[in-house]
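Below is one structure, written out as structure tokens; comments come after it.
In the working numbering, the protein residues as written are 1494 to 1673.
If you want it as structure tokens, here you go:
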């Protein structure tokens, strides 16, 4: 799997294997993301809502699952509900220990995914010839992406692939190119 430099979307190298994994692990929370990557968005949305209803989730785990669900909404083009879910996920990361590395790592992930959502929302606004809105969304996306990268760098616990993904997102947004 790789992330496209222009669209910032994941590209699946072996869809059949990923689909088989999803079939074998339907209740695994990661299935939400994998179904999304396979383009099975309705199934991913159902799985995402179900994952949020699991009893006994810690606020941080709920934030992780809410972020996956929000990402599905983004891919469905439901940008405002997606951003609302990202905002809730950001709040949830601070409900346990807001200064713990795990809470801050999840918050950085929420910021990065919200940046990608705002990026796609900006592209949609541009397509609808709402230039001012597109530029505002783009600026907000870049701010979120930079915040995510800064947090990950300062925490010092992120894997290199995670840092590379944050840098890729910032680089794409800094191009200020409203084409995908």
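Glycine included, every Cβ here is placed at the ideal spot set by N, Cα and C.
Q. Distance, Cα to Cα, residue 1541 vs residue 1578?
A. 12 angstroms
Q. Under the three-state reduction of DSSP, which class applies to residue 1589: helix, strand or coil?
A. coil
(Q) So, with DSSP's three-state summary, where would you put residue 1504? (A) strand
Q. In whole angstroms, what is the alpha-carbon distance linking residue 1594 and residue 1650?
A. 8 angstroms
Q. Alpha carbon to alpha carbon, how far is residue 1520 from residue 1544?
A. 8 angstroms
Q: Flag this pair as yes or no: are the beta carbons of residue 1618 and residue 1666 separated by less than 8 angstroms?
A: no
Q) Taking one C-beta from the stretch 1622 to 1636 and one from the stretch 1581 to 1599 each time, how about it: are there three or more such pairs within less than 8 angstroms? A) no
Q. From residue 1592 to residue 1606, what does the alpha carbon distance come to, in whole angstroms?
A. 20 angstroms
Q.
DSSP has residue 1496 in a bridge; who is on the other side?
A. 1503
Q: Return the first residue and the last residue of the alpha helix (DSSP H) that residue 1521 is part of.
A: Residue 1521 -> no alpha helix (DSSP H), and no H or E assigned at all.
Q: Counting only runs of 4+ residues fully inside the stretch 1563 to 1645, write out the alpha helix (DSSP H) ranges in chain order.
A: 1572 to 1586 and 1594 to 1620
Q: Rank 1547, 1516 and 1564 by C-alpha distance to the C-alpha of residue 1608 and give the top, closest one.
A: 1564
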